[in-house]
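Chemist: For what it's worth, this note's numbering labels the leading residue of the sequence shown as 3, then goes sequentially.
All C-beta atoms, glycine included, are put in the ideal place defined by N, C-alpha and C.
Just so we're clear, the structure is a prediction, and the values are computed from it rather than from any experiment.
Just passing along the structure, written as structure tokens.
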Amino acid sequence: MLDKITPKHSLQPTVSPSVTVSVIVPVYNEQAVLPSFHGRLVQVLDNLNERCEIIYIDDGSSDNSRNIITAFPVTSSVVQYIALSRNFGKEAAMSAGLQHAKGIAVVVIDADLQDPPELIPLMVKRWRAGADVVNMKRNSRAGESMLKRFSAACFYRLLNWMSDINIEENVGDFRLLSREVVDHINELPERNRYMKGIFAWPGYKQVVVPFNRDPRFSGETKWNYFKLIGLAMDGISSFSIKPLRIATVLGVLIALSAFGYGSIVIAKTLLFGEVVQGYPSIMVVLLGLGGVQLISIGLLGEYIGRIFIESKQRPLYLIQEVVEKSAIQTQKSPLGEVA
Ligand code: UDP
Ligand code: MG
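The following block contains the structure:
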């Protein structure tokens with residue numbers, strides 16, 4: 003089958019003609035689900051009629067995930083196992099996958115079978131029809147609590163209102179990206195990698211395909227509310243400076259109202275000779291102002307913290323080991339490579 007296009011302004015010729023579709027799977031302690039996941043994925047890819055590679059990025063798993071993946075039998079798809087040196091987080095794991103993918107279309111999929119691998123042929127079809135980014139949008143969030151659904155809805159609304167790019171609601175990381183888009187994403191130097199925003203940032207022809215998200219096959223989600231709040235802060239602060247602007251506007255409004263209120267107090271004293279009274283109102287103003295100031299300082303701190311992290315220029319992840327299995331060759335190379 004003919005490869006679609008050569009990237010028009012791809013920054014590095016990373017395309018290997020031997021692979022058409024790369025499937026990136028971030029893995030963090032997924033031993034219970036990996037055999038079923040791999041079985042379903044391989045079956046789908048075998049019927050796809052494209053040259054495929056599967057890249058498992060082991061994000062510092064402490065369970066048996068490594069042995070399970072490296073013991074998978076050789077299939078028609080190339081299977082690559084890349085182990086990061088510790089848990090760097092899903093965003094870093096996905097970045098590692100994008101940097102190592104050789105295909106001219108790259109699919110990102112979770113290992114927990116919440117994203118059905120059976121949808122990959124449809125994604126490839128949409129890409130063949132001209133789409134650069136195929137976003138998979140969840141219709142249902144089966145198996146997730148009301149609170150999680152509600153907080154997710156609020157977060158997307160807030161993020162889109164705050165940031166300049168349009169981040170599609172209920173689209174997770176499950177998506178297909180063309181080589182051109184992947185090359186541009188790989189060129190983004192930032193350390194704060196809010197991937198949903200980064201996937202949307204290059205633009206290009208984006209399509210949205212709805213699907214029903216399954217509940218987690220087994221095990222527990224790796225996210226807790228504390229981590230999710232961090233992710234939400236990352237999302238907003240790496241794509242928008244609106245919170246800073248809101249703090250400024252709020253400051254101006256409060257200063258103006260303080261001026262207004264002060265004028266009233268002075269006028270009352272001058273006109274009616276009213277003695278100053280009102281300990282409660284002073285407390286309210288004091289606490290209110292103090293709160294606004296603390297929030298604003300916190301916000302400033304968030305952005306300064308990000309500048310601090312960016313300025314250190316540390317690598318996003320370290321790779322400890324790479325194992326590749328294909329029908330042609332089997333090789334194992336422990337690497338001290340730095341991404
Ligand atoms: N994951 C990862 N590193 C982490 C956390 C998660 O690579 O630090 C992987 C995990 O193995 C799974 C995917 O990211 O394949 C999604 O994780 P999870 O199901 O916990 O997230 P959710 O589906 O609840 O958003
Ligand atoms: Mg999941």
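Does the distance from the CB of L100 to the CB of S79 come in under 7 Å?
Modeler: It is not a contact, given that the beta carbons lie outside the stated cut-off.
Chemist: In chain order, what residues of the same chain lie with their CB nearer than 6 Å to the CB of Y83, ignoring the 5 residues before and after it?
Modeler: Result list for Y83: Y58, I71, T72, V325, in chain order.
Chemist: Fully enclosed by the region 169–241, which beta strand (DSSP E) runs are 3 residues long or longer?
Modeler: Listed in chain order, they are 173–180, 208–215.
Chemist: Here's the rule: buried if 16 or more other CB atoms are within 10 angstroms of the residue's CB, otherwise exposed. What is Q295?
Modeler: Flag for Q295 reads exposed.
Chemist: State the DSSP-derived secondary structure class of Q116, mapped to helix, strand or coil.
Modeler: Looking at Q116 - three-state DSSP - the assignment turns out to be coil, as it is neither helix nor strand.
Chemist: Leaving out the 5 sequence neighbours to the left and right, which residues in its chain are closer than 6 Å to A249 when beta-carbon positions are compared?
Modeler: Excluding sequence neighbours, A249 sits near S298, L301.
Chemist: Nearest to T77 by CA position, among N49, D65, D60, A103, is which residue?
Modeler: For T77, the nearest C-alpha among the options comes from N49.
Chemist: Secondary structure at V76, three-state DSSP: helix, strand or coil?
Modeler: Reduced to three states, the DSSP call for V76 is coil.
Chemist: Taking 6 Å as the line, does the beta carbon of D112 fall inside it for any heavy atom of ligand 3?
Modeler: Judged by which ligands are present, ligand 3 is missing from the structure shown, whose ligands are ligand 1 and ligand 2.
Chemist: Are the region 192–207 and the region 310–319 in contact at 8 Å, needing three or more beta carbon pairs?
Modeler: Enough Cβ pairs lie closer than 8 Å, so yes.
Chemist: Which parts of the region 39–93 are runs of the beta strand (DSSP E), unbroken and 3 residues or longer, counting only runs that do not cross its ends?
Modeler: Listed in chain order, the complete beta strand (DSSP E) runs (minimum 3 residues) inside the region 39–93 are 54–60, 80–86.
Chemist: Have a look at L258 and L291 and give me their C-alpha separation to the nearest angstrom.
Modeler: Answer to the nearest angstrom: the Cα atoms are 12 Å apart.
Chemist: Classify I238: buried if its beta carbon has 16 or more other beta carbons within 10 angstroms, exposed otherwise.
Modeler: So I238 ends up on the buried side.
Chemist: Near A133, what residues of its chain come up, given a Cβ to Cβ distance below 6 Å and the 5 sequence neighbours on each side ignored?
Modeler: Taken in chain order, the residues that qualify are K207, V209.
Chemist: On a CA-only basis, which of Q116, V136, L115 is nearest L124? Give me that one, please.
Modeler: Nearest option by C-alpha distance: V136.
Chemist: Considering only the beta carbon of each residue, do S242 and S165 sit closer than 7 Å?
Modeler: Yes, Cβ-Cβ distance for S242 and S165 is below 7 Å.
Chemist: From this set, L179, L86, I187, R151, which residue's C-alpha is nearest N172's C-alpha?
Modeler: Closest by alpha carbon: R151.
Chemist: Who are I26's beta bridge partners in DSSP?
Modeler: Its beta-bridge partners are I57, V110.
Chemist: Which residues does DSSP pair with I141 in a beta bridge?
Modeler: The question names Ile, but residue 141 is Asn in the sequence shown. DSSP lists no partner for N141.
Chemist: With 16 as the cutoff for other CB atoms within 10 Å, does Q279 come out buried or exposed?
Modeler: Classification for Q279: exposed.
Chemist: Please list, in chain order, all residues of the same chain as A95 whose beta carbon is under 6 Å from its beta carbon, the five residues on each side excluded.
Modeler: Closer than 6 Å at the Cβ level, and outside the excluded window around A95, lie P28, I59, D61.
Chemist: Taking 6 Å as the cut-off, does the CB of E32 come closer than this to any heavy atom belonging to ligand 1?
Modeler: At least one heavy atom of ligand 1 is nearer than 6 Å to the Cβ of E32, so yes.
Chemist: Would the C-beta of P37 count as close to ligand 1, meaning under 6 Å from any of its heavy atoms?
Modeler: Every heavy atom of ligand 1 is 6 Å or more from the Cβ of P37, so no.
Chemist: Could you work out which residue in A113, R130, L121 is closest to I106 when comparing CA atoms only?
Modeler: That would be R130, whose Cα lies nearest to the Cα of I106.
Chemist: Report the residue from I306, L289, A155 whose alpha carbon sits nearest the alpha carbon of Y281.
Modeler: Cα-wise, what sits closest to Y281 is L289.
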